[in-house]
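The block underneath contains the structure these notes are about, expressed in structure tokens.
Protein chains: 2
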Amino acid sequence: MARASVREQIVDAAFEQFHRLGYNACGVKLITDSAGVPKGSFYNHFESKEALALVVMERYGATRRVPALADTAVAPLTRLRDHFEFLASDIEKYGYERGCVFGNFSNEAADHSPAIRDGLVTSFGSWSAAVAGAIREAQADGSVTSQQDPEVLARFLVNAWEGAIVGERAAKDGSSFAAFFTLAFGTVLR
Amino acid sequence: MARASVREQIVDAAFEQFHRLGYNACGVKLITDSAGVPKGSFYNHFESKEALALVVMERYGATRRVPALADTAVAPLTRLRDHFEFLASDIEKYGYERGCVFGNFSNEAADHSPAIRDGLVTSFGSWSAAVAGAIREAQADGSVTSQQDPEVLARFLVNAWEGAIVGERAAKDGSSFAAFFTLAFGTVLR
Numbered sequence: 001m002a003r004a005s006v007r008e009q010i011v012d013a014a015f016e017q018f019h020r021l022g023y024n025a026c027g028v029k030l031i032t033d034s035a036g037v038p039k040g041s042f043y044n045h046f047e048s049k050e051a052l053a054l055v056v057m058e059r060y061g062a063t064r065r066v067p068a069l070a071d072t073a074v075a076p077l078t079r080l081r082d083h084f085e086f087l088a089s090d091i092e093k094y095g096y097e098r099g100c101v102f103g104n105f106s107n108e109a110a111d112h113s114p115a116i117r118d119g120l121v122t123s124f125g126s127w128s129a130a131v132a133g134a135i136r137e138a139q140a141d142g143s144v145t146s147q148q149d150p151e152v153l154a155r156f157l158v159n160a161w162e163g164a165i166v167g168e169r170a171a172k173d174g175s176s177f178a179a180f181f182t183l184a185f186g187t188v189l190r
Numbered sequence: 001m002a003r004a005s006v007r008e009q010i011v012d013a014a015f016e017q018f019h020r021l022g023y024n025a026c027g028v029k030l031i032t033d034s035a036g037v038p039k040g041s042f043y044n045h046f047e048s049k050e051a052l053a054l055v056v057m058e059r060y061g062a063t064r065r066v067p068a069l070a071d072t073a074v075a076p077l078t079r080l081r082d083h084f085e086f087l088a089s090d091i092e093k094y095g096y097e098r099g100c101v102f103g104n105f106s107n108e109a110a111d112h113s114p115a116i117r118d119g120l121v122t123s124f125g126s127w128s129a130a131v132a133g134a135i136r137e138a139q140a141d142g143s144v145t146s147q148q149d150p151e152v153l154a155r156f157l158v159n160a161w162e163g164a165i166v167g168e169r170a171a172k173d174g175s176s177f178a179a180f181f182t183l184a185f186g187t188v189l190r
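For the protein sequence lines, the chains are A and B, in the order given. With UniProt numbering as the guide, the letters of the first sequence map in order to residues 1 to 190. With UniProt numbering as the guide, the letters of the second sequence map in order to residues 1 to 190.
Here it is in structure tokens:
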């Protein structure tokens, strides 16, 4: 099997370390050490840590199963629940550590890097749009009330999910995720 | 007027810099430089950056107007709205930068510092308990439905608020705060 390219090794290591430590605690040397490549090789592949963060953000987005929100083989309200249940399981498997790369970068880097901020606006925007699409279908089939604008509902749910992660990173007891599912599916999407 | 003690100068500077830059981007030297005191003086007053962060977290908590949530001179649902409107104005004044010290520390430091994590559990816990107290009163006077457990509602709202901040730090356009107020007061607290 072909050995992963140096660039791939760097992206894989950065994906892991940005997720585990956040943006600011994770320097170029830590990433190249973790990738097992010389620090000097970094700048052959990336202009900056910021540029690498954009690649990681895009790759992370591709793991969020966003396309499944448009899978018409599944009832739209079920799709919405499956989506957030997948995201929950993905954080529970780390014992409520690491959180969401988007949330972490938003908190740590959006104020200080216009490029990362732009990437986050795109990432949160396409995620919210996919959630809104499923909500719109659920409103059409009557499983969700049509009283609220689907875009506003989606924005609220995506943010409430990000906040549930904030709560779990502190408490690590499942109570914030439980409250999210109770209110999101018992009250907000009704 | 007496000059602020070195300890106070350090706490004031740390409050500002932790809020502005987060936990990891803000080292002891940056704090002492910002305080205008020698770096060597830091360890006369604090065992570690972590110990200082706990002091800052407590001081930040004291600025959140949590006691007003128990002010029976004001209707409980009005108190809840006033509370989140105050928190919103406190972030809008920085152009949606800086966020919430609790949320920032939760994302950046809770996984790696048991002491900060404990502080956050206490901070989020007492904040949620105060929100739950106002919700309980609002349920008693009929302004909020009694169908949901006030503790679960409070946990959800506090987290949804933290998530709205995550959304605003990326978009900085007011849409996440607007979605929070629409859903929190139009649907969740009904």
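Built from N, CA and C at the ideal position, the CB exists for glycine as well.
Residue i: which of the options sits nearest, CA to CA?
i                : options                                : result
Gly167 (chain A) : B:Thr187, B:Ser146, B:Arg117, B:Gln139 : B:Arg117
Tyr23 (chain B)  : B:Val152, B:Asp173, B:Ala178, B:Glu50  : B:Glu50
Leu157 (chain A) : A:Ala184, A:Asp33, A:Thr63, A:Ala138   : A:Ala184
Ala132 (chain A) : A:Gly174, A:Ser175, A:Ser89, A:Pro76   : A:Pro76
Ala160 (chain B) : A:Ser113, A:Val6, A:Ala179             : A:Ala179
Asp71 (chain B)  : B:Ala134, B:Asn104, B:Lys29            : B:Ala134
Lys172 (chain A) : B:Phe42, B:Thr182, B:Leu120            : B:Leu120
Arg7 (chain A)   : A:Leu189, A:Asp33, A:Phe42, A:Gln17    : A:Phe42
Ser34 (chain B)  : B:Arg79, B:Glu16, B:Phe46, B:Leu54     : B:Glu16
What's the gap between the Cα of residue i and the Cα of residue j?
i                : j                : result
Ala25 (chain B)  : Ala14 (chain A)  : 18 Å
Val37 (chain A)  : Arg59 (chain A)  : 21 Å
Val144 (chain B) : Ser48 (chain B)  : 45 Å
Cys100 (chain B) : Ser175 (chain B) : 18 Å
Ile10 (chain A)  : Ser126 (chain A) : 26 Å
Phe177 (chain B) : Thr187 (chain A) : 19 Å
Ala88 (chain A)  : Leu21 (chain B)  : 28 Å
Val66 (chain B)  : Ala130 (chain B) : 7 Å
Phe124 (chain B) : Asp111 (chain B) : 16 Å
Gly61 (chain A)  : Phe102 (chain A) : 8 Å
Pro114 (chain B) : Asn104 (chain B) : 15 Å
Ser146 (chain B) : Gln139 (chain A) : 26 Å
What would DSSP say about residue i, mapped onto helix, strand or coil?
i                : result
His112 (chain B) : coil
Phe42 (chain A)  : helix
Leu189 (chain A) : coil
Lys29 (chain A)  : helix
Glu85 (chain B)  : helix
Val158 (chain A) : helix
Gln73 (chain B)  : First, the residue type needs correcting, since residue 73 (chain B) is Ala and not Gln in the sequence shown. Note: Ala73 (chain B) maps to coil in three-state DSSP.
Glu168 (chain B) : helix
Asp12 (chain B)  : helix
Lys49 (chain A)  : helix
Met1 (chain A)   : Confidence at Met1 (chain A) is low in this model, with a pLDDT of 47, below 50, so the placement of that residue should be treated as unreliable; the coordinate-derived value is given next. It is coil, neither helix nor strand.
Val66 (chain B)  : coil
Glu97 (chain B)  : coil
Please classify residue i as buried or exposed, where buried requires at least 16 other C-beta atoms within 10 Å of its C-beta.
i                : result
Tyr96 (chain B)  : buried
Glu85 (chain B)  : exposed
Asn107 (chain A) : buried
Met1 (chain B)   : Confidence at Met1 (chain B) is low in this model, with a pLDDT of 48, below 50, so its placement is unreliable and the value that follows should be read with caution. Classification for Met1 (chain B): exposed.
Pro150 (chain B) : buried
Glu92 (chain B)  : exposed
Quick test of your reading: residue i and residue j, contact by CB under 8 Å. State the CB separation rounded to the nearest angstrom.
i               : j               : result
His83 (chain B) : Ala73 (chain B) : Incorrect: roughly 14 Å between the Cβ atoms, too far for contact.
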